[in-house]
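Notes to accompany the following structure.
Numbering (this note's numbering), first residue to last: 7 to 564.
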């Protein structure tokens, strides 16, 4: 399952989910082959629970013509081979990529992917960290048969003008053929058809169509009533003939606005009651089945949550589709967590970050649930060089999407020098957990950070979010002493934290750290019992801790 809806009626698409042949490159099993399901993490196999290294995935496919291979996520470095020849390299587990092969003969072809989840000198983003870098083809794969001129992407930007919905539609058409072609486009929303002016698609190049249209009799996409529309775009080589290609996207009519310190979704002021969520599960690692995604969202909605932060990387697009359907706000974040200035000076940091941001926004642009783009969680926003990196990345985001605000999660109270750059100021605080403060200090800590932002920084007057707050607990550890790591301690600490934040008149909202426990890199074992980040209100198998009911009561009361 590639998406939560069908994206093509004309273009042939074949999903490649199922069993592939897998062979590890190291260890006792390197001379054996295994059957491995795709998508999945190889850590789900008993022999590869702790495997870090390279492995080969192989599958035969029957295909002919121009073949477009679509990979939604390979963790974390991929080399793609077509009949033994390398056709693509890709870095980063959490963003999709594609490969186009021209003129394949009508026969069986061998598709092989070399996957590597090791921490190498070439990797700036995937490093030992407070979450686990799994191995495998972790998200769906498909191949498509495309004509020489085909639709590469469609972006839709809704906006109100004279109290009427309008929309800017951008369509990229790539011509991989050897001849120039005159192409036409028609797009349809809710039985309303719109035409673009024809353009010449030059051989070997991409041509961009961009038009603004007025849309009458469409309904708002509201969080309480998330009305979605299919945006169907057809490509024609000659007028009055059958279309040769198509792409269907799903969109909603909504605007995100900042008015002073407040965040508005359409004309409704939003108070965020959210959860940070890692893509991690005790059985499935970072390759979460669709049914489990939905079960996660059921629990989050049950607790009164209305928002998800995709800590700390872009998420599976099927999960974003579900958030669209349920009206759950999404803070989607480019991949990076806790990098020092030295790590940000890595030779590949700029390019790998730029690729992550571009692939995130270009592929996830149309999701109405995404309300903010985030970058560089807890990185070196207190140094001059770090500031240059933040400036560069925010500039890139605005070049790709000006319809959404931006933010980053800081933990550098009293020394952050980047709070003028984002549209929304966000801070991670853990009063009563990391800070050795007495009980009752939660309100003081929150007030102190907020007051400093308003008094002494260029973040003054902007919406303000507590992007992380929480405490750890080992599932099932209960004690009358209410000691740290007990469920009692976590529940009481979260209660004080959330009451202090949500009752503060200057707060735009809060994201609990975190929804579920997650595995961390082995190198972090000394700071993380069970080699897990145990701050979830449910454990890695989604079993609720005592904090579940506490968060539920508080979220439903605000």
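Don't be surprised by glycine CBs; every beta carbon is placed ideally from N, CA and C.
Computed from a predicted model, the values in this text were never measured in an experiment.
Contacts around residue 495, its chain only, beta-carbon distance under 7 Å, and the 5 residues preceding and following it disregarded: Here residue 495 refers to the residue found at position 489 of the chain shown. Taken in chain order, the residues that qualify are 477, 479, 488 and 489.
Under the three-state reduction of DSSP, which class applies to residue 261: helix, strand or coil? By 1-based counting over the chain shown, the position of residue 261 is 255. The answer is coil: DSSP assigns residue 261 none of H, G, I, E or B.
Could you check the C-alpha separation between residue 556 and residue 450 for me, to the nearest Å? As a first step, residue 556 must be located in the chain shown, where it is residue number 550. As a first step, residue 450 must be located in the chain shown, where it is residue number 444. Residue 556 and residue 450: Cα-Cα distance of roughly 21 Å.
Residue 272 to residue 263 span [Cα, whole Å]: The residue given as residue 272 occupies position 266 in the chain shown. The residue given as residue 263 occupies position 257 in the chain shown. Each residue's Cα considered, the two are about 7 Å apart.
Spatial distance of residue 157 from residue 407 (CA atoms): In the chain shown, residue 157 corresponds to position 151, counting from 1. In the chain shown, residue 407 corresponds to position 401, counting from 1. Across the structure, residue 157 and residue 407 are spaced so that their CA atoms are roughly 20 Å apart.
Determine contact between the stretch 347–356 and the stretch 161–176, defined as no fewer than three beta-carbon pairs at a distance below 8 Å. Touching, no.
By how many angstroms is the C-alpha of residue 243 removed from the C-alpha of residue 212? In the chain shown, the residue the question calls residue 212 occupies position 206. In the chain shown, the residue the question calls residue 243 occupies position 237. The alpha-carbon atoms of residue 212 and residue 243 are separated by roughly 15 Å.
Thinking C-beta only, is residue 470 closer than 8 Å to residue 431? Mapped onto the chain shown, residue 431 falls at position 425. Mapped onto the chain shown, residue 470 falls at position 464. Going by C-beta atoms, residue 431 is nearer than 8 Å to residue 470.
So which of 334, 245, 120 and 303 has the shortest CA-CA distance to residue 276? Locating residue 276 in the chain shown gives position 270, counting from the first residue. The shortest C-alpha to C-alpha distance from residue 276 to any of 334, 245, 120 and 303 is the one to 334.
Cα-Cα separation, residue 47 to residue 293: Along the chain shown, one-based indexing puts residue 47 at 41. Along the chain shown, one-based indexing puts residue 293 at 287. Cα to Cα, the separation comes out at about 6 Å.
What residue does the alpha helix (DSSP H) around residue 553 start on, and which one ends it? What you label residue 553 is simply residue 547 of the chain shown in a count that begins at 1. Annotation for residue 553: the continuous alpha helix (DSSP H) segment containing it runs 552–563.
Buried or exposed (CB count within 10 angstroms, at least 16 for buried), residue 20: Position 14 of the chain shown, counting from 1, holds the residue named residue 20. Result: exposed.
Alpha helix (DSSP H) segment containing residue 35, residue limits: The sequence position of residue 35 within the chain shown is 29, counting from 1. Bounds of any alpha helix (DSSP H) do not take in residue 35, whose DSSP letter is neither H nor E.
Reducing DSSP to helix, strand and coil, say where residue 122 ends up. As a working mapping, residue 122 is identified with position 116 in the chain shown. DSSP places residue 122 in strand when its eight states are reduced to three.
Would you identify the three-state DSSP class for residue 304, choosing helix, strand or coil? In the chain shown, the residue the question calls residue 304 occupies position 298. Helix.
Buried or exposed: residue 540, going by 16 or more other Cβ atoms within 10 Å of its Cβ? Locating residue 540 in the chain shown gives position 534, where the first residue counts as 1. Buried: at least 16 other Cβ atoms inside 10 Å.
Please check if any C-beta of chain B sits within less than 8 Å of the C-beta of residue 491. Judged by its chain identifiers, the structure shown contains no chain B, having just a single protein chain.
Would residue 127 be called buried (16 or more neighbouring beta carbons within 10 Å of its own) or exposed? The count along the chain shown starts at 1 and reaches residue 127 at position 121. Exposed, by the Cβ-count rule.
Can the beta-carbon of residue 122 be found less than 8 Å from the beta-carbon of residue 526? Reading the chain shown from its first residue, position 116 is the one you call residue 122. Reading the chain shown from its first residue, position 520 is the one you call residue 526. No; because the gap between Cβ atoms is not below 8 Å, this pair is not in contact.
Specify, as a first and last residue, the run of the alpha helix (DSSP H) that residue 268 falls within. Residue numbering aside, residue 268 sits at position 262 when the chain shown is read from its first letter. Run containing residue 268: none in the alpha helix (DSSP H); it sits in the beta strand (DSSP E), 268–271.
So, residue 428 versus residue 412, is the Cβ gap smaller than 8 Å? As a first step, residue 428 must be located in the chain shown, where it is residue number 422. As a first step, residue 412 must be located in the chain shown, where it is residue number 406. The answer is yes: Cβ separation under 8 Å.
Please name the residue in 485, 329 and 255 whose C-alpha comes closest to that of residue 231. On the chain shown, position 225 is the one that residue 231 refers to. When only C-alpha atoms are compared, the closest one is 329.
For residue 554, which residues from the same chain have a beta carbon less than 7 Å from its beta carbon, with the 5 sequence-adjacent residues on both sides left out? Here residue 554 is taken as the residue at index 548 of the chain shown, counted from 1. So the list reads 309, 543 and 544, once near-sequence residues are dropped.
Note down the Cα distance separating residue 224 from residue 185, rounded to an integer number of angstroms. In the chain shown, counting from the first residue as 1, residue 224 sits at position 218. In the chain shown, counting from the first residue as 1, residue 185 sits at position 179. Each residue's alpha carbon lies about 40 Å from the other.
Quick check for students: name the residue ranges of the alpha helix (DSSP H) that lie wholly in the stretch 440–477, counting only runs of 4 or more. Inside the stretch 440–477, DSSP marks whole alpha helix (DSSP H) runs of 4 or more residues at positions 448–462, from first to last along the chain.
The beta strand (DSSP E) with residue 396 in it runs from where to where? For the purposes of this step, residue 396 is identified with residue 390 of the chain shown, where counting begins at 1. For residue 396, no beta strand (DSSP E) encloses it; the enclosing alpha helix (DSSP H) starts and ends at 390–406.
Please report how far the alpha carbon of residue 33 lies from the alpha carbon of residue 8, in whole angstroms. Sequence index remark: in the chain shown, residue 33 carries index 27 (1-based). Sequence index remark: in the chain shown, residue 8 carries index 2 (1-based). The alpha-carbon atoms of residue 33 and residue 8 are separated by roughly 33 Å.
Would residue 498 and residue 483 be called neighbours here (beta carbons separated by less than 8 Å)? Indexing the chain shown from 1 puts residue 498 at position 492. Indexing the chain shown from 1 puts residue 483 at position 477. Between residue 498 and residue 483, the C-beta gap is not smaller than 8 Å, which leaves the two residues out of contact.
For residue 420, is the classification buried or exposed, using 16 other Cβ atoms within 10 angstroms of its Cβ as the cut-off for buried? Position 414 of the chain shown holds residue 420. Burial call: exposed.
Opposite residue 324 in the DSSP bridges: which residues? The residue labelled residue 324 in the question sits at position 318 within the chain shown. In DSSP, residue 324 forms no bridge with anything.
From residue 365 to residue 196, what does the alpha carbon distance come to, in whole angstroms? Against the chain shown, residue 365 aligns to sequence position 359. Against the chain shown, residue 196 aligns to sequence position 190. Near 29 Å, if we compare the C-alpha coordinates of residue 196 and residue 365.
Within 10 Å of its beta-carbon, does residue 562 have 16 or more other beta-carbons around it, so buried, or fewer, so exposed? Position 556 of the chain shown, counted from the start, is the residue given in the question as residue 562. The C-beta of residue 562 has fewer than 16 other C-beta atoms within 10 Å across all chains shown, which makes the residue exposed.
Round the Cβ separation of residue 256 and residue 234 to the nearest angstrom and send it over; I've been treating them as touching at under 8 Å. Counting from one through the chain shown, the residue named residue 256 turns up at place 250. Counting from one through the chain shown, the residue named residue 234 turns up at place 228. 5 Å between Cβ atoms; contact.
Whose C-alpha, out of 463, 500 and 205, is nearest the C-alpha of residue 475? Residue mapping note: residue 475 aligns to position 469 of the chain shown, counting from 1. The option with the nearest alpha carbon to residue 475 is 500.
Leaving aside the five residues before and after residue 35 along the sequence, list all residues of the same chain whose C-beta is less than 7 Å from its C-beta, in chain order. Against the chain shown, residue 35 aligns to sequence position 29. Excluding sequence positions up to five before and after residue 35, its CB lies within less than 7 Å of the CB of 53, all in the same chain and listed in chain order.
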